[in-house]
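In our numbering, the protein residues as written are 126 to 714. Backbone N, C-alpha and C fix where the C-beta goes; we use that ideal spot for every residue, glycine too. Take a look at the structure set out below.
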């Protein structure tokens with residue numbers, strides 16, 4: 126067997142190669158170029174051409190090396206296989222062996238080896254299209270824009286569909302740290318293709334990133350006009366929304382509406398349009414949109430939920446009532462009718478229509494029955510029928526569903542707290558925690574009870590355990606921070622936790638309240654008032670109002686404080702907390 130034939134056979138051998146995508150998967154190439162400590166010095170590109178293969182004599186030693194490397198691959202000894210292929214490629218000048226080394230380095234997810242083998246591959250085969258493409262990807266990832274400019278320009282001039290490649294280029298450039306350099310590179314690389322809609326799309330996105338709003342809007346509109354498709358539509362809408370004005374929002378709605386009218390089956394655009402209508406509080410138009418998709422039950426359900434969240438109860442109930450009439454045993458409907466019934470039950474509960482709430486929950490069958498029983502327990506709890514609620518909970522069979530079991534435990538502990546006090550409730554939760562030691566929600570629930578019992582150290586430990594289970598548990602960070610803020614003198618640590626919560630969930634009204642109260646404690650009263658007003662816009666809560674009133678009062682905005690307190694008294698006329706604050710601040714009515 127000759128050398129060329131042997132190499133061809135080896136390179137066709139079965140191995141699961143993982144290609145680096147044009148978006149540069151961070152898992153595939155995780156290290157920075159500085160960490161690689163390699164000089165990125167690619168050769169000048171040549172026009173696409175077949176590889177020039179060297180004439181090599183197949184010696185016994187060479188044959189042994191190649192076969193040994195394949196055996197190493199079978200044993201998952203990727204480092205040994207890579208080193209052999211790189212050494213033989215350098216010795217023989219055969220680009221196929223360098224390519225093989227690239228593939229092995231990719232499987233190993235070894236950034237240093239990937240870069241080194243890609244550079245060698247391009248050196249041995251400067252006209253190989255795939256080698257050039259890989260070089261561009263590596264250069265983009267490490268932001269070596271100047272060094273890959275010629276290769277990129279040459280590559281674009283030779284491919285059949287430069288627009289497709291340009292889309293890939295701009296996608297990777299969007300995640301680069303130096304956005305101005307990325308934009309400059311993109312302009313130079315695509316200069317000969319500036320009339321293509323894909324180029325204008327990329328320019329719209331990159332110009333927007335560096336703050337060139339007018340240029341971004343111009344390119345986005347030109348791209349959309351030339352080639353109206355989901356990508357150009359969404360880019361234009363995104364640019365228009367950056368205006369942060371009613372005019373920009375209105376124009377964005379028009380663009381989505383017009384495109385959807387011509388492409389009604391594009392559900393991605395439809396869902397984006399629905400979200401924008403919600404953002405614009407255009408509920409009438411949203412309901413008209415839903416009517417155009419009468420058989421899309423998931424869309425109707427999600428719209429109903431959004432309407433409920435925005436206090437449009439009547440419109441939501443109409444959609445949910447329709448969905449609740451769907452057969453519950455129809456596989457095509459899934460759990461939609463059951464969820465609709467549960468949501469209607471929750472609406473009835475909020476309106477204190479307890480009998481109706483129970484009747485709706487009783488109609489739920491199938492896989493959502495455990496959730497319906499938990500809902501019934503909640504209804505009984507609101508009626509102060511805690512014993513009846515506990516009896517209902519005994520009927521719940523969670524099976525293998527830990528989420529249901531944990532919810533039962535949480536509801537049970539709350540009911541026991543009402544009947545027998547927090548100490549017994551905590552004992553109940555501690556038993557469940559032995560059974561579900563990885564339940565962040567139960568640790569959180571236990572922490573809340575411990576805090577009420579003034580067991581601050583225990584509450585802190587429970588919250589920290591919840592955070593060990595889920596390091597992105599925003600509510601746990603918030604509760605830990607607020608507890609430390611109110612119950613200890615550890616202000617710095619409290620601030621770290623509350624700010625972490627805010628970073629994870631900046632639109633949560635409870636976290637905004639904590640941010641406001643933290644700012645108050647830090648004597649940043651203007652900042653405190655801002656956060657607390659933001660929180661109040663999302664949730665009309667007594668705690669938030671009292672915090673805001675105190676922040677206004679201390680910052681000498683006495684009239685504003687009185688207005689907030691007046692509103693609190695209207696909503697909670699028997700509140701001892703409101704009266705206590707009025708007395709403490711010495712406010713005379």
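| message | Looking only at its chain, what residues have a beta carbon closer than 7 Å to the beta carbon of residue 390, apart from the 5 residues adjacent to it on each side? | response | The residue you call residue 390 lines up with position 265 of the chain shown. For residue 390, where only same-chain residues beyond five positions count, there are no Cβ hits under 7 Å.
| Boundaries of the alpha helix (DSSP H) in which residue 655 is found, first to last residue | Within the chain shown, numbered from 1, the residue matching residue 655 stands at position 530. Counting along the chain, the alpha helix (DSSP H) containing residue 655 begins and ends at 650–663.
| field | Residue nearest to residue 326 in terms of C-alpha spacing, selected from 350, 309 and 643 | value | The residue you call residue 326 lines up with position 201 of the chain shown. Sorting 350, 309 and 643 by C-alpha distance to the C-alpha of residue 326 places 350 at the top.
| request: Please confirm whether residue 618 and residue 629 have their CB atoms less than 7 Å apart. | output: Here residue 618 refers to the residue found at position 493 of the chain shown. Here residue 629 refers to the residue found at position 504 of the chain shown. It is not a contact, given that the beta carbons lie outside the stated cut-off.
| Residue nearest to residue 525 in terms of C-alpha spacing, selected from 539, 495 and 650 | Against the chain shown, residue 525 aligns to sequence position 400. Considering only alpha carbons, the answer is 495.
| field | Simplified DSSP assignment, three categories, for residue 625 | value | As a working mapping, residue 625 is identified with position 500 in the chain shown. Look at residue 625 here: in three-state DSSP terms it is helix.
| field | Three-state secondary structure assigned by DSSP to residue 488 | value | Walking along the chain shown from the start, residue 488 turns up at place 363. Looking at residue 488 - three-state DSSP - the assignment turns out to be coil, as it is neither helix nor strand.
| residue 327, DSSP secondary structure in three states | The sequence position of residue 327 within the chain shown is 202, counting from 1. Helix, per DSSP.
| Three-state secondary structure (DSSP) at residue 428? | The count along the chain shown starts at 1 and reaches residue 428 at position 303. Correct three-state label for residue 428: helix.
| request: Would you kindly check if the distance between the Cβ of residue 210 and the Cβ of residue 222 is under 7 Å? | output: Reading the chain shown from its first residue, position 97 is the one you call residue 222. Reading the chain shown from its first residue, position 85 is the one you call residue 210. Yes, they are a contact pair.
| Sub-7 Å separation of residue 190 and residue 213 beta-carbons | In the chain shown, residue 190 corresponds to position 65, counting from 1. In the chain shown, residue 213 corresponds to position 88, counting from 1. For residue 190 and residue 213, yes; Cβs fall inside 7 Å.
| message | Going by DSSP, what residue range makes up the alpha helix (DSSP H) through residue 678? | response | Residue 678 sits at position 553 when you count from the first residue of the chain shown. 667–679 is the extent of the alpha helix (DSSP H) around residue 678.
| said: Give me the residue from 504, 602 and 686 with the minimum Cα distance to residue 707. | reply: Working through the chain shown from its first residue, we reach residue 707 at position 582. Of 504, 602 and 686, the residue nearest in Cα terms is 686.
| said: If I follow the unbroken alpha helix (DSSP H) through residue 208, where does it start and stop? | reply: Along the chain shown, read from residue 1 onward, the residue named residue 208 stands at position 83. First-last of the alpha helix (DSSP H) with residue 208: 203–217.
| field | Own chain residues within Cβ distance below 7 Å of residue 658, not counting five before or after | value | Taking the first residue of the chain shown as position 1, residue 658 is located at position 533. Correct list, in chain order: 673.
| request: Since I believe residue 398 is in contact with residue 353 (beta carbons under 8 Å), could you give me their beta-carbon distance rounded to a whole number of angstroms? | output: Here residue 353 refers to the residue found at position 228 when the chain shown is read from its first residue. Here residue 398 refers to the residue found at position 273 when the chain shown is read from its first residue. Residue 353 to residue 398, Cβ: 15 Å. No contact.
| said: Applying the 10 Å Cβ sphere with the 16-neighbour rule, what's the burial state of residue 622? | reply: Counting from 1 along the chain shown, the entry for residue 622 is found at position 497. Residue 622 is buried by the Cβ-count criterion.
| field | Same chain, Cβ closer than 6 Å to residue 410, neighbours up to 5 away in sequence not counted | value | As a first step, residue 410 must be located in the chain shown, where it is residue number 285. Excluding residues within five positions, the ones whose Cβ falls inside 6 Å are 402.
| message | Give me, in chain order, the residues of the same chain whose beta-carbon lies closer than 8 Å to that of residue 245; leave out the 5 immediate sequence neighbours on both sides. | response | The residue labelled residue 245 in the question sits at position 120 within the chain shown. Closer than 8 Å at the Cβ level, and outside the excluded window around residue 245, lie 211, 214, 215, 223 and 226.
| query | How many Å lie between residue 286 and residue 472 at the Cα? | reply | Residue numbering aside, residue 286 sits at position 161 when the chain shown is read from its first letter. Residue numbering aside, residue 472 sits at position 347 when the chain shown is read from its first letter. Between residue 286 and residue 472, the C-alpha separation is close to 55 Å.
| Test item: CB-CB of residue 111 and residue 318 under 7 Å | Past the boundaries of the shown model lies residue 111; the chain is included only from 126 to 714, so the question cannot be answered.
| query | Secondary structure at residue 459, three-state DSSP: helix, strand or coil? | reply | Residue numbering aside, residue 459 sits at position 334 when the chain shown is read from its first letter. In the structure shown, residue 459 sits in coil (DSSP, three-state: anything other than H, G, I, E or B).
| field | Cβ-based burial, residue 606 [other Cβ within 10 Å; buried from 16] | value | Start at 1 with the first residue of the chain shown, and residue 606 comes out as number 481. Buried, by the Cβ-count rule.
| request: Return the CA-CA distance between residue 238 and residue 329, expressed in angstroms with no decimal places. | output: Within the chain shown, the letter at position 113 stands for residue 238. Within the chain shown, the letter at position 204 stands for residue 329. CA-CA distance, residue 238 to residue 329, rounds to 35 Å.
| query | Of all the CB atoms in chain B, is at least one closer than 7 Å to the CB of residue 306? | reply | Annotation note: the requested chain B is absent from the structure, which comprises a single protein chain.
| query | Alpha carbon to alpha carbon, what distance is there between residue 232 and residue 199? | reply | The count along the chain shown starts at 1 and reaches residue 199 at position 74. The count along the chain shown starts at 1 and reaches residue 232 at position 107. If you take the alpha carbons of residue 199 and residue 232, they lie about 13 Å apart.
| field | 8 Å contact criterion, which residue 498 and residue 520 should meet: CB distance rounded | value | Along the chain shown, one-based indexing puts residue 498 at 373. Along the chain shown, one-based indexing puts residue 520 at 395. About 5 Å separates the beta carbons of residue 498 and residue 520, which is inside the 8 Å limit, making them a contact pair.
| So is residue 638 buried or exposed if we call it buried at 16+ other beta carbons inside 10 Å? | In the chain shown, counting from the first residue as 1, residue 638 sits at position 513. Its Cβ being crowded by 16 or more others within 10 Å, residue 638 is buried.
| Cβ atoms of residue 558 and residue 567: under 7 Å apart, would you say? | Against the chain shown, residue 567 aligns to sequence position 442. Against the chain shown, residue 558 aligns to sequence position 433. Yes, these two residues count as a Cβ contact at 7 Å.
| query | Roughly how far, in whole angstroms, is the beta-carbon of residue 415 from the beta-carbon of residue 424, given that I think they are within contact range, below 8 Å? | reply | Stepping through the chain shown from its first residue, residue 415 is reached at position 290. Stepping through the chain shown from its first residue, residue 424 is reached at position 299. Going by Cβ atoms, the distance from residue 415 to residue 424 rounds to 7 Å, so yes, they are a contact pair.
| For residue 712, the three-state DSSP class (helix, strand or coil) | Against the chain shown, residue 712 aligns to sequence position 587. Coil at residue 712, not helix or strand.
| task | Mark residue 360 as exposed unless 16 or more other C-beta atoms lie within 10 angstroms of its C-beta, in which case mark it buried. | result | Position 235 of the chain shown holds residue 360. Of the residues assessed, residue 360 falls on the buried side of the cut-off, its CB having 16 or more other CB atoms within 10 angstroms.
| Simplified DSSP state of residue 613, which is helix, strand or coil | As a working mapping, residue 613 is identified with position 488 in the chain shown. Of the three classes helix, strand and coil, the one that applies to residue 613 here is coil, per DSSP.
| field | Own chain residues within Cβ distance below 6 Å of residue 248, not counting five before or after | value | Here the question's residue 248 lines up with position 123 in the chain shown. So the qualifying residues of the chain are 168.
| query | From which residue to which residue does the alpha helix (DSSP H) around residue 511 run? | reply | Walking along the chain shown from the start, residue 511 turns up at place 386. Residue 511 -> alpha helix (DSSP H) spans 511–518.
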